[in-house]
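Chemist: Numbering follows our numbering, with no gaps: position 43 of the sequence shown is 31.
Every residue, glycine too, gets a C-beta built ideally from N, C-alpha and C.
Here's a structure for you.
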Amino acid sequence: MFHKTSSGNRIWYQLQGSGMGLLIIHGLGGDLETMLPVSQNIKGNFTKVLVDAPCHGKSDDFGITLEELGSDLISLMENLGFRKFYSVGVSLGSIILEEMMLDHGENMTKNALISPASEIDSIVVNKVASWAASENRVSADVLSESYLADHREEVDAYDRDHPMQPERLYPLIPSLMNFTVRGRHSDSECLLLVAEHDTIFGERMSADLRETFRNSRVILMNSGHAIHRENPLEAARIISEYFGK
C-alpha cells in the first residue's frame, strides 16, 4: 500500500498482525523485506507497519529532510489509527527514528534502535558522493580526495554487507550529511542494540546517543553491523522483552 507524503510523493508500506502500532524501518540500501527476519519474530499484539524509506524498495525516489520524513511517518501512523506507537529501526532506520523522537517524542512509546548512529557514517556519504561526482551530479570538492583510498578495506567490507544503488540513494544524501544528535536532547525511551564488532558505527557513536536520549539503555550484541541479518532471533527476543515491560 502507498502513503502519499505532504509533497505528493509515495511511501510504500506493508502491514503484519493486529494490535498496538509498531513502525519498522530498514537500513540504507535495504527495503522492508530485509526486516522480516526480525519483525516476524517480535512477540506481542502489534500491527507491524513496515515501510520502504524514500529511494528504497517500492517507494518513490525523492529528496526530503529527516524532519519532513518524520512528519510524514507520523501522519501515516495516525491515518492507521495510531497516535502513539512503538518503533524499530536499523542503521538508516534508527536515524529516521531518532529525528522522530526528537521532534515527535510524545507520539512514540518505546523505541528499539539496531546498529544506531548519532550521525551518518562518512563511508556511506563518501561512497554515494563519489558516484555523484563521477556522474557530474556534484563537484568533486565535496569529497576528501584521499578518503576512499585511505579507507579501502572498510569500503570493501561495506560493499559486501550493503550493496547499494547510489543513483537511487543520491537524493537522500544532503539531509543525511546534515544529521547529528549532538547538542540535542529528548526524554523518549529507547533501547540501543549496539554491535560489538561493528566497523561502521559501533560503540563510538553510542556515547552521543546516550547523552541525547537520556532515558535509554545499551545492549552490546556479539555481531557485526548487520545485527538484523546476523542475529535476528536474538534481536527480536530482546526487543520483545523490552516492549513487554
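(1) Using 8 angstroms for Cβ pairs, my map puts G81 next to I13. What's the rounded Cβ distance?
(2) Along the beta strand (DSSP E) that carries R205, what are the first and last residues, could you check?
(3) Identify whether H216 lies in helix, strand or coil by the three-state DSSP scheme.
(4) Between the beta-carbon of S176 and the beta-carbon of M65, is there less than 7 angstroms?
(5) CB-CB under 6 angstroms to L160, same chain, minus the five flanking residues each way: which ones, in chain order?
(6) Can you tell me the Cβ-Cβ gap for P60 and T(-7), rounded? I've got them flagged as a contact below 8 angstroms.
(7) If you count every other CB in all the chains shown that lies within 10 Å of the CB of M(-11), and 16 or more means buried, which is it?
(8) Is it buried or exposed, P162, if we count other Cβ atoms within 10 angstroms and call 16 or more buried?
(9) Could you spell out the range, first to last residue, of the alpha helix (DSSP H) harbouring I62?
(10) Which residues in the same chain as K36 place their Cβ atom closer than 8 angstroms to its Cβ, once the five residues preceding and following it in sequence are excluded?
(11) Is S27 helix, strand or coil when you go by DSSP?
(12) If contacts are defined as beta-carbon pairs under 8 angstroms, then S204 and C178 qualify, I think. What distance do you get, rounded to the angstrom?
(13) Quickly, what does DSSP pair S75 with across the bridge? List them, please.
(14) Please state the DSSP three-state secondary structure of T(-7).
(15) DSSP on R(-2), reduced to helix/strand/coil?
(16) Measuring CA to CA, which of L38, N33 and G17 is closest to P25?
(17) Could you tell me which residues DSSP puts in a beta bridge with F50?
(18) Using 8 angstroms for Cβ pairs, my map puts L208 next to E184. What's the rounded Cβ distance?
(19) Note down the Cα distance separating N33 from I226, rounded to an integer number of angstroms.
(20) May I ask you to report which of helix, strand or coil DSSP gives E133?
Modeler: The short version:
(1) On the sequence shown, position 93 is the one that residue 81 refers to. On the sequence shown, position 25 is the one that residue 13 refers to. The Cβ separation is near 3 angstroms, so the contact holds.
(2) Counting from one through the sequence shown, the residue named residue 205 turns up at place 217. Unbroken beta strand (DSSP E) run through R205: S204 to M209.
(3) Position 228 of the sequence shown, counted from the first residue, corresponds to residue 216. H216 falls in the helix class under three-state DSSP.
(4) In the sequence shown, residue 176 corresponds to position 188, counting from 1. In the sequence shown, residue 65 corresponds to position 77, counting from 1. Result no, Cβ atoms of S176 and M65 do not sit closer than 7 angstroms.
(5) By 1-based counting over the sequence shown, the position of residue 160 is 172. Answer for L160: C43, listed in chain order.
(6) Residue 60 sits at position 72 when you count from the first residue of the sequence shown. Residue -7 sits at position 5 when you count from the first residue of the sequence shown. According to the sequence shown, residue 60 is Asp rather than Pro. 4 angstroms between Cβ atoms; contact.
(7) Residue -11 sits at position 1 when you count from the first residue of the sequence shown. With fewer than 16 Cβ atoms within 10 Å of its Cβ, M(-11) is classed as exposed.
(8) Within the sequence shown, the letter at position 174 stands for residue 162. With fewer than 16 Cβ atoms within 10 Å of its Cβ, P162 is classed as exposed.
(9) Stepping through the sequence shown from its first residue, residue 62 is reached at position 74. Counting along the chain, the alpha helix (DSSP H) containing I62 begins and ends at L54 to N67.
(10) As a working mapping, residue 36 is identified with position 48 in the sequence shown. Cβ neighbours of K36 beyond the five flanking positions: L3, Q4, G5, L10, I12, S27 and I30.
(11) Translated into positions along the sequence shown, residue 27 becomes position 39. Here S27 sits in helix by DSSP.
(12) Reading the sequence shown from its first residue, position 216 is the one you call residue 204. Reading the sequence shown from its first residue, position 190 is the one you call residue 178. With a Cβ gap of about 5 angstroms, S204 and C178 count as contacting.
(13) As a first step, residue 75 must be located in the sequence shown, where it is residue number 87. Paired residue(s): L11 and N99.
(14) Numbered from 1 along the sequence shown, position 5 holds the residue referred to as residue -7. Collapsing the DSSP output to three states places T(-7) in coil.
(15) If you number the sequence shown from 1, residue -2 lands on position 10. Reduced to three states, the DSSP call for R(-2) is strand.
(16) Counting from 1 along the sequence shown, the entry for residue 25 is found at position 37. Out of L38, N33 and G17, L38 has the C-alpha closest to the C-alpha of P25.
(17) Mapped onto the sequence shown, residue 50 falls at position 62. F50 pairs with nothing; no bridge assigned.
(18) As a first step, residue 208 is located in the sequence shown; it is residue number 220 there, counting from the start. As a first step, residue 184 is located in the sequence shown; it is residue number 196 there, counting from the start. For a cut-off of 8 angstroms, the C-beta gap from L208 to E184 is around 5 angstroms, short enough to register as a contact.
(19) The count along the sequence shown starts at 1 and reaches residue 33 at position 45. The count along the sequence shown starts at 1 and reaches residue 226 at position 238. Approximately 16 angstroms, taken between the alpha carbons.
(20) In the sequence shown, counting from the first residue as 1, residue 133 sits at position 145. Legend: pLDDT at E133 = 45, less than 50; position of this residue unreliable, value from coordinates given subsequently. Coil.
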